[in-house]
Amino acid sequence: MSHTLILSWVTFIYFGAFVLYLFRMILGGQSWGKLASLAAWTGFAAQTAAILWRWNVSYSLGIGHAPLSNLYESMIFFAWTIMLFHLFIEWRTGSRAFGVFVVPLAFLAMAYASIAPGVNNEIQPLIPALQSNWLTSHVVTCFMGYAGFAFAFGCGLMYFLKTADADKPENSNHFLKRLPTLASLDLMIYQSIALGFVFLTIGIMTGSIWAHYAWGSYWSWDPKETWSLITWIVYAVTLHVQYIKGWRGKRMAALTIVGFTSVLFTYLGVNYLPGLHSYLN
Amino acid sequence: MTNIKTSLRSFFSSIRLTVVLLIVMALLFMVGTFIPQRESAMEFAQRLSPGISSLFHALGLFDVYHSPLYYVLLGLLALNLTVCSLNRLPGSWKLYRTPHFPVPEGLFSKLPPNRVLLTEQNREACLSSLESLLKASYGAIEKDVKGGHVFFSIRKAGLSLFSVYGVHLSILFMIAGSVIGSVFGFEGYVNIGEGETTNLIDSRNGRDIHRLDFSVRCDKFTLETYANGMPKTYRSDLTFLKDGQPIRQGALMVNHPIHVNGYRFYQSSFGSAPGGRAVLNYSKGKGQEEKVAVSVGDRFDLKEGGAHVEILRIEGNLMKFGPGVKLDIASPQGRHIQFWVLQHIDEIAEMYPELLTQFPLFDPALFKPYRFFLKEIEQQYYTGLQVVRDPGVPLVALGAFLMVTGLILRHFMPHRRIWVRVDAAGRQTRISLAGRSRHMAALDRELDLLGRRIQEKGIV
């Protein structure tokens, strides 16, 4: 029994939660939804325990640090923040309609962490550049931001499905009917992007402060820095389009997809460009 | 004239312009991450056809983040933000100063049922307990009586109306700070061997050398590794000297820069270079080997014979033959002989049997009857320091602080206005709650909370 074993179980639990949310959408009824939430909470609790365990193990190895230092650990944490965001919204709004598009993102992150080639799940010591108190605050805030954008992305997909439904109400099925209304999806997109944006901004600021101490400049146009700024700009635009007539709704939903693509490139794609942030060398 | 002025103003205050500028900037940055920039651009440019290469060069695509296009975009964005903010400021100020009463028209029509609370208490008792509850919860409240209705008015987070200007101003601060940094700042690199002192720093562009008014000595460089071989610590023990007197001493590590006289020093790289000391052995004929440790410029006398040896050069890799030391030997008769002593001369001579006859320069036994052997060249660490001065940092930091504060204020503490109306509904007393805010969800939460408080107090 180890924390990596728990984490592989969590991957399956999240998949199960996704299937249950899907059943709820297709078959209806309260019980599927309750089971789905139960699975989501169980997985989240187990994942939290596993992350804390891994943290503790690193200290017993004498190289103690928060488990946020490599691709594997950050992927696991990404899944954790997505679930945190999802469960928070579910609790706050009392609606279980978001799970079917958001929980699979957490599942995919977990699955990627365990099966992608070149992802090392061992606890490694920190190289000199990472030995900083800013590591934790930088990574946590960035991923809280990413989680908000992941949630908005899920809502954006729902928005497009729902508009397809609104165009042809006669052959609409149960799944589409059970999606939240366009107005509430629009509101949810705006709010999760606003939350994600505040966190991303703090994430970039903490990263800049760290870079000021580690790399000699608060901004070096390293590809990851640049891409985080591109992502920031995409969401800044998204938050401003509501002031342009007729841009809310479909266009904002489209921007959630553009934005999340940029998030994924910032997180993963950039590793294939040369730079200071690269996980791959 | 006024027409042009108005249309210019409306052009620069347009939010569409902001969106277009931001998108063009994002695209430019993307290009910058795919085309190698600055130091690494040269090699890439040579692989392109000359036409494309010079086009890219003209557009500044090899240094996107310092290109004229980038500065033009920054300037336009700054202008756009300024005009846009100035245009909207009076509206926000008016909203901030709006009197609490009269209540906005239609505010209390079509209220959802949960915003209307009914009580059997008489109106006076209800009013006094409600007023004290509101005062306790919100502090300053305003009261108005009109046509049999009593109104209370509350405002929260009025400052939030101005948060957007804080965020826009923060961007201007950051742009200004970055421009100040790139105009008045300095970035350079210097390698200092252990025991060496310098005050000359190569600037980043490599074109000039910057002379500090103090100097830096590297006393020691330490590299520590973990058990698995990963690097653990890079550390330079430095002494800063002015007029030969130490002014500062400290251990420089990654993540822990040292500030001296307005410059920041960073542990940037390290390396090891030969050229410290060489260990030479020599023997006379079949005699016993003698051992000497030497540096460049050292002189010593050979035993038995009185010849005088001077070390001319110590090379880590001479013509790909490996480590070598060049000697100048002066015989007692005043004759000078110069030759190289290569560490791997035996292997080399085996590979190139003709070498020693064709090039006696490489014969370690050229000064007969002596023969020299190079045992090793000691490696000497050097530390690579990055030296930075950026007077724009405080302005950028102020901008960052302002931006985060502004965003939190805007998104988490939105401006809310709440009105509570008390009137009679038949024999009952009716309390109605309503409000206005840009942020409806936050307003709803606030009103829910107020409704719960009224119920908990036993007012209804």
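Going down the list, the sequences are from chains Y and L.
For the first sequence, the positions run 1 to 281 when this note's numbering is used.
For the second sequence, the positions run 1001 to 1460 when this note's numbering is used.
For each residue, glycine too, the CB sits at the ideal point set by N, CA and C.
Asked                                                                                                                                                                      : Found
Does W32(Y) have its Cβ less than 9 Å from a Cβ in chain L?                                                                                                                : no
Check each candidate in L1409(L), D1390(L), K1457(L), A1434(L) and name the one with the smallest Cα separation from S1178(L).                                             : D1390(L)
Contact criterion: CB-CB distance below 9 Å. Does E1187(L) meet it with respect to chain Y?                                                                                : yes
Is T226(Y) buried or exposed, if buried means 16 or more other CB atoms sit within 10 Å of its CB?                                                                         : buried
Just by C-beta distance, which residues in the stretch 1219–1251 of chain L are closer than 8 Å to chain Y?                                                                : Y1226, N1228, M1230, P1231, K1232, T1233, Y1234
Using only CA atoms, which one of L71(Y), I63(Y), L84(Y), G94(Y) lies nearest to G33(Y)?                                                                                   : G94(Y)
Starting from H1336(L), trace the beta strand (DSSP E) both ways and give me its first and last residue.                                                                   : 1336–1342
Report the neighbours of F1029(L) on chain Y: residues whose CB is nearer than 9 Å to its CB, in chain order.                                                              : W221, T226, W227, L229, I230, I233
Assign S2(Y) to one of two classes, buried (16 or more other C-beta atoms within 10 Å of its C-beta) or exposed (fewer than that).                                         : exposed
Give the DSSP-derived three-state secondary structure of A49(Y) in the structure shown.                                                                                    : helix
For S1007(L), does the count of other Cβ atoms within 10 angstroms reach 16, so buried, or fall short, so exposed?                                                         : exposed
Can you round the beta-carbon distance between L1069(L) and L1077(L) to whole angstroms, since I take them to be within the 8 Å contact cut?                               : With a Cβ gap of about 13 Å, L1069(L) and L1077(L) do not count as contacting.
Could you name the residues of chain L that G216(Y) contacts, counting a contact when the two beta carbons are closer than 8 Å?                                            : E1187, P1257, R1264, Y1266, S1268, Q1386, V1388
Sort L1398(L), V1072(L), W1419(L) by Cα distance to I1431(L) and report the nearest one.                                                                                   : W1419(L)
Pick out whichever of F1373(L), K1242(L), V1422(L), Q1386(L) has its Cα sitting closest to the Cα of V1294(L).                                                             : F1373(L)
By Cβ distance below 8 Å, which residues in the same chain neighbour P1231(L) in space, the five residues on each side in sequence not counted?                            : L1223, E1224, T1225
Against chain Y, which members of the stretch 1002–1030 of chain L pass a CB distance test of less than 8 Å?                                                               : I1015, R1016, T1018, V1019, L1022, I1023, M1025, A1026, F1029, M1030
Please decide whether N281(Y) counts as near chain L, where near means a Cβ-Cβ distance under 9 Å.                                                                         : Caution applies to N281(Y), whose pLDDT of 37 falls short of 50 and renders its modelled position unreliable; the value that the coordinates give is listed next. Answer no: the Cβ-Cβ gap between N281(Y) and chain L never drops below 9 Å.
Using only CA atoms, which one of A1026(L), L1022(L), S1085(L), E1354(L) lies nearest to R1009(L)?                                                                         : S1085(L)
For D1301(L), write down the residues that DSSP places opposite it in a beta bridge.                                                                                       : H1308(L)
When burial is assigned at 16 or more other CB atoms within 10 Å of the CB, is F1359(L) buried or exposed?                                                                 : exposed
Helix, strand or coil, according to DSSP, for I1345(L) in the structure here?                                                                                              : helix
Does the Cβ of K1156(L) have 16 or more other Cβ atoms within 10 Å, making it buried, or fewer, making it exposed?                                                         : buried
Looking at L1385(L) and N1261(L), is the spacing between their C-beta atoms short of 9 Å?                                                                                  : no
Please say whether F1173(L) and L1402(L) have beta carbons closer to each other than 9 Å?                                                                                  : yes
Enumerate in chain order the residues of its own chain whose CB-to-CB distance from A1041(L) is below 8 Å, with the five nearest sequence positions on each side excluded. : I1035, F1062, D1063
Can you tell me whether R1438(L) is buried or exposed? The criterion is at least 16 other CB atoms within 10 Å of its CB, across all chains shown.                         : exposed
Please list the terminal residues of the continuous alpha helix (DSSP H) segment that includes K1320(L).                                                                   : Per DSSP, K1320(L) belongs to no alpha helix (DSSP H) and is neither H nor E.
So which residues on chain Y does H1411(L) lean against when the C-beta distance must stay under 8 Å?                                                                      : A194, L195, F197, V198
Just confirm the distance between the C-beta atoms of L1327(L) and F1339(L), as a whole number of angstroms; I'd bet it's less than 8 Å.                                   : 6 Å
Who does I1258(L) pair with in a DSSP beta bridge?                                                                                                                         : F1265(L)
Can you tell me whether DSSP reads N281(Y) as helix, strand or coil?                                                                                                       : Legend: pLDDT at N281(Y) = 37, less than 50; position of this residue unreliable, value from coordinates given subsequently. Reduced to three states, the DSSP call for N281(Y) is coil.
Could you name the residues of chain L that I202(Y) contacts, counting a contact when the two beta carbons are closer than 8 Å?                                            : V1404
On the three-pair Cβ rule with 8 Å, is the stretch 152–160 of chain Y touching the stretch 1256–1272 of chain L?                                                           : no
Name, in chain order, the residues that DSSP records as bridge partners for M1253(L).                                                                                      : R1235(L), H1256(L)
Could you work out which residue in I1459(L), V1460(L), L1443(L), R1452(L) is closest to I1154(L) when comparing CA atoms only?                                            : L1443(L)
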